[in-house]
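Presented below is the structure to which this report refers.
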């Protein structure tokens, strides 16, 4: 990339594999861009792509990306926009070849490069996919050598921004503050419309103010040479960009003050956000530190097979009905019980209900076992045989199926030099990307001083969400819940009220788990990490909400004694 005056405008057109198909065209036609990125990978996606590759060794990448390019590659070429995406998944070389074939068919002189070296599956016997999270300097090498399209396998989500920024501004591995600013920009952009009003805690306020949240535009960052940026979106698109939407995304799937990556550790406790005009939020003050000496590796493997059935319990004697069917199925499965059996009674019923549905509760049975037979025919037969021989009103939401495989995710770590990070150019040349030479072992940041508590005054029992926003998500078997407020007085109350003990009271499910609280005063935010609440990760479907997407909204719905001055 040739360095130009002014900011580098980097947009996003995908937050996950399956995101809005038209977003690539919308971003290319909606306004000025220099680089368009797409994030297609997640822990669950890698498992899905791994299963695809078992059926077809030539698969393993996001096929929708190719279909999007069929419509948009010529448009990007015409407008001089470089495209950088991690859609290569488990097979970036295969996707790069497919893009070249597409370009030839369309008659477009497009230079396609890819990044490889993340695949460590061979080093982890028994895994379906094991991939290191690479940084952005492989992407930067491709762009510096003139690539128009760069596809990668498993890189960090933020690498899709740090790579183009390093290429454009000439940053090196030691430019920690600048790289950290780009990491923060990349983290805000990576989930697409979540930064522009999607999944936003205060969506009703935005709607009341005339904002159209039905189809939020996708975000972009105006990134400057010093690492500062402005988060915005194309003019005339839906949604909104304000300090709240950016704060929510900053807290998403993070933990403490140190946000570590292969290129740099960004200090989230230094981030400062200010409204810089309509749909413009300035991000500045970000400080960076040398990255850790290890790289994270996501290991996906098949954990076994699972099945489930939801019994509908209606009207009176809900607990007794649940006890009866539990005892019946326990007896029926006694000869060969599945390795794991989990029952959950969900009391959605109401007394004297005006409809049958609101008079009903759900009893969910989930079973897991290494054997397909133990969770398939054995369970389905036992459950269906109860149809005329169990509690009154017996029926299920759907008949139990044959059972399906489930995945298990875990993190392991390898030395920075333990991967062969390579930029593979359009002409076949291979450029090795050296590991970070300056590294620092991660330590927890000392807890910052808290503000003075809010003065005592009258309180009212009310939901936390009347004064606080939240966003939650998953990292392997852990969940994080970021909670933020929008005024200094509310921060003075929240910082002292929402302790770990109070969190456990409000979220009883976390009572026996390790919960860590991370204050981020500049954001008026607290970030809670709940270890083990998601079992072995999203693919294991350990709980009702396996990715903890709504854990923050549950927390916001819980009632506290809130100072009336804040309500």
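In the numbering used here, the protein residues as written are 8 to 574.
The beta carbon of each residue, even a glycine, is placed where N, CA and C say it ideally should be.
Let me check understanding here. Comparing Cα to Cα, which of 352, 309, 341 lies closest to residue 318?
Minimum Cα distance to residue 318 is reached at 352.
Count the other CB atoms, across all protein chains shown, that sit within 10 Å of the CB of residue 569; report buried if there are 16 or more and exposed otherwise.
With 16 or more Cβ atoms within 10 Å of its Cβ, residue 569 is classed as buried.
Does the beta-carbon distance from residue 298 to residue 394 come in below 7 Å?
Not in contact: residue 298 and residue 394 (Cβ atoms no closer than 7 Å).
At a cut of 8 Å, does the segment 153–170 reach the segment 183–193 through at least three beta carbon pairs?
A contact exists between the segment 153–170 and the segment 183–193.
Taking the alpha-carbon positions, what's the residue 546 to residue 557 distance?
Taking the straight line joining both Cα atoms gives about 17 Å.
Taking a contact to mean a Cβ-Cβ separation below 7 Å, would you say residue 374 touches residue 348 in this structure?
The answer is yes: Cβ separation under 7 Å.
As a quick exercise: from 331, 55, 482, pick the residue whose alpha carbon is nearest that of residue 543.
The shortest Cα separation from residue 543 among 331, 55, 482 belongs to 482.
So, is residue 367 buried or exposed, given that buried needs 16 or more other C-beta atoms within 10 angstroms?
Under this definition residue 367 is a buried residue.
Between which residues of its own chain and residue 214 is the CB-CB distance below 8 Å, once the five residues before and five after are set aside?
The residues are 220.
Out of 76, 224, 259, state which residue places its alpha-carbon closest to the alpha-carbon of residue 485.
With distances taken between Cα atoms, residue 485 lies closest to 259.
I'd like the span of the beta strand (DSSP E) that includes residue 257, first residue to last.
Premise fails: residue 257 lies in the alpha helix (DSSP H), 250–258, not in any beta strand (DSSP E).
Around the Cβ of residue 420, are there at least 16 other Cβ atoms within 10 angstroms (buried) or fewer (exposed)?
Exposed: under 16 other Cβ atoms inside 10 Å.
Under a Cβ-count criterion, where at least 16 other Cβ atoms within 10 Å of its own Cβ denotes burial, should residue 171 be classed as buried or exposed?
With 16 or more other Cβ atoms within 10 Å, it is buried.
Whole-angstrom Cβ separation of residue 226 and residue 261, contact assumed at under 8 Å?
With 8 Å as the limit, residue 226 and residue 261 do not qualify as a contact, their Cβ atoms being about 17 Å apart.
Within the same chain, show all residues whose beta-carbon is closer than 8 Å to that of residue 466, passing over the 5 residues directly before and after it, in chain order.
These residues qualify, in order along the chain: 568, 569, 570, 571.
One question on the structure: do residue 76 and residue 67 come within less than 7 Å of each other, judged by their Cβ atoms?
Cβ atoms of residue 76 and residue 67: not closer than 7 Å.
Leaving out the 5 sequence neighbours to the left and right, which residues in its chain are closer than 7 Å to residue 117 when beta-carbon positions are compared?
These residues qualify, in order along the chain: 80, 84, 110, 155, 156.
Check for me: the alpha helix (DSSP H) holding residue 627 runs from which residue to which?
The first residue shown for the chain is 8 and the last is 574, placing residue 627 beyond what the model contains.
Please list the terminal residues of the continuous alpha helix (DSSP H) segment that includes residue 559.
Run containing residue 559: 558–564, per the alpha helix (DSSP H) assignment.
So that I know if they touch, is there some Cβ in chain B lying closer than 7 Å to that of residue 439?
No chain B is present in this structure, which holds just one protein chain.
Compute the distance between the beta-carbons of residue 474 and residue 533, then report whether it is under 7 Å.
The answer is no: Cβ separation not under 7 Å.
I'd like to confirm the pairing. Which residues does DSSP put opposite residue 1 in its beta bridges?
Here the chain has residues from 8 to 574 only, and residue 1 is not among them.
Let me check one thing: in DSSP terms, what residues is residue 303 bridge-paired to?
For residue 303, which the question treats as bridged, DSSP gives the partners 420.
By alpha-carbon positions, which one of 301, 487, 158, 169 ends up nearest to residue 5?
This structure cannot speak to residue 5, because the chain is shown only from 8 to 574.
Of all the options 453, 413, 334, 251, which has the alpha carbon lying nearest to the alpha carbon of residue 264?
When only C-alpha atoms are compared, the closest one is 453.
At the level of alpha carbons, what is the spacing between residue 135 and residue 53?
Cα to Cα, residue 135 sits roughly 9 Å from residue 53.
DSSP state of residue 479, grouped into three classes?
If DSSP states are grouped into helix, strand and coil, residue 479 belongs with the strands.
Taking 8 Å as the cut-off, does the segment 506–513 touch the segment 454–465 (at least 3 CB pairs, one atom from each stretch)?
Not touching, per the Cβ criterion.
According to DSSP, simplified to helix, strand and coil, what is residue 548?
Three-state DSSP puts residue 548 in coil, outside helix and strand.
Tell me the rounded alpha-carbon separation between residue 285 and residue 247.
Residue 285 and residue 247: Cα-Cα distance of roughly 8 Å.
I'd like the span of the alpha helix (DSSP H) that includes residue 99, first residue to last.
From DSSP, the alpha helix (DSSP H) with residue 99 extends over 99–113.
Hey, which unbroken runs of the beta strand (DSSP E) at 3 residues or more fall wholly within the segment 168–252?
Whole beta strand (DSSP E) segments, 3+ residues: 226–230, 236–240.
Comparing C-alpha positions only, which one of 36, 58, 119, 294 sits nearest to residue 73?
Per the Cα distances, 119.
Output the boundary residues of the alpha helix (DSSP H) element that contains residue 86.
Segment 70–86, the alpha helix (DSSP H) holding residue 86.
Per the DSSP calculation, residue 491 is bridged to which residue(s)?
DSSP, once it has assigned bridges, lists 476, 532 as partnering residue 491.
Could you tell me the alpha carbon to alpha carbon distance between residue 312 and residue 345, rounded to whole angstroms?
Going by the C-alpha atoms only, they are around 10 Å apart.
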